[in-house]
Amino acid sequence: YLTARIDLGIVQDLHGLEVETPSRKRVHSETPTNQIFKFCFRSLKKRVMAEPWRNIDVENLISYSDDLVKVLSEGPRDLNNLSHSLQQTRALSSSCDSDLNEARSFRQDYQNKVDACKQKIEEARSETAADGDLDLLQRELEEELEKERWLKEEFRAIGDEFNDLEQQWISVQEQKKTIQTIEKNKQRTQMVLSMYASVTNIVPNLDEQSKISGYIVEKDKNAVEKFEYDTSNMTALDICNGIWKIISE
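Residue numbers (UniProt numbering): 1 to 249.
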């Protein structure tokens, strides 16, 4: 809020400036505090539009203010969680690649053994080997085939896990792009809030959910005065009139 104390003359230089209204409205949950501020800001917009150099989109300002509060409270935590998930995903992906290569190597070894057993059986049959030797070779072949089936199942499970990790990676990347977009809009939202504070000399306290509160900044007197309204004891109209009175003074 320190940037909110910029000289009012900077705003006056914006004569004729119009803030473009986005074609798509933002969708977000509204608290009673935000609804009351919106009511006040719409009234302020009508008054500001009467003067060409104060053409400000207050509804967008309210929406950006709500988004800014969410970003400031949840952004760092979300970034830390995403970074941690990204590191875990990379580690699991590397481990799966190693297990996959090892499983392929085992499968190839057992395939070679199976082929060798088949060749021995054919040789034994061609040489009219004893029935005992044939039975032994047959048992060995069955054991190798069972091991091969087990390796195929393990290989399939590793492949499924690898696919899941790829989907998680895609999801993490999409969330990361979303947070980066919010971070880019943060600076612009702060500038809009600073402009509003310069016009009205009021800096709202958006952390309070049960009360309407803020600070009156009097630059000429180097003074900052706090104000607050209890929404449980006052109507929205009374609060709006009180804020208008503060702005007029």
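Note that CB positions come from ideal geometry on N, CA and C, so glycine has one too.
Coarse secondary structure for residue 228, derived from DSSP in three states: strand
Residue(s) in a DSSP beta bridge with residue 214: 204, 227
Nearest-angstrom beta carbon gap, residue 124 and residue 137 [assumed within contact, 8 Å]: Rounded to whole angstroms, the Cβ separation of residue 137 and residue 124 is 6 Å, and the two are in contact under 8 Å.
Cα-Cα separation, residue 147 to residue 87: 34 Å
Minimum C-alpha distance to residue 202 - residue among 183, 92, 243: 243
7 Å CB neighbourhood of residue 155 in its chain, flanking five on each side removed: Result list for residue 155: 103, 107, in chain order.
CA nearest to the CA of residue 226, picked from 212, 80, 133: 212
Buried or exposed (CB count within 10 angstroms, at least 16 for buried), residue 231: buried
Limits of the unbroken alpha helix (DSSP H) element including residue 219: Taken as a continuous stretch (DSSP letters only), residue 219 belongs to no alpha helix (DSSP H), as it is neither H nor E.
Own chain residues within Cβ distance below 8 Å of residue 144, not counting five before or after: 110, 113, 114, 117
Distance between residue 209 and residue 198 (C-alpha atoms, nearest Å): 24 Å
Burial state of residue 187, where buried means 16 or more other Cβ atoms lie within 10 Å: Residue 187 should be labelled exposed.
Contacting residues, own chain, Cβ-Cβ under 8 Å from residue 248 (five flanking each side not counted): none
Boundaries of the alpha helix (DSSP H) in which residue 241 is found, first to last residue: 236-248
With 16 other Cβ atoms within 10 Å as the buried cut-off, status of residue 229: Residue 229 should be labelled buried.
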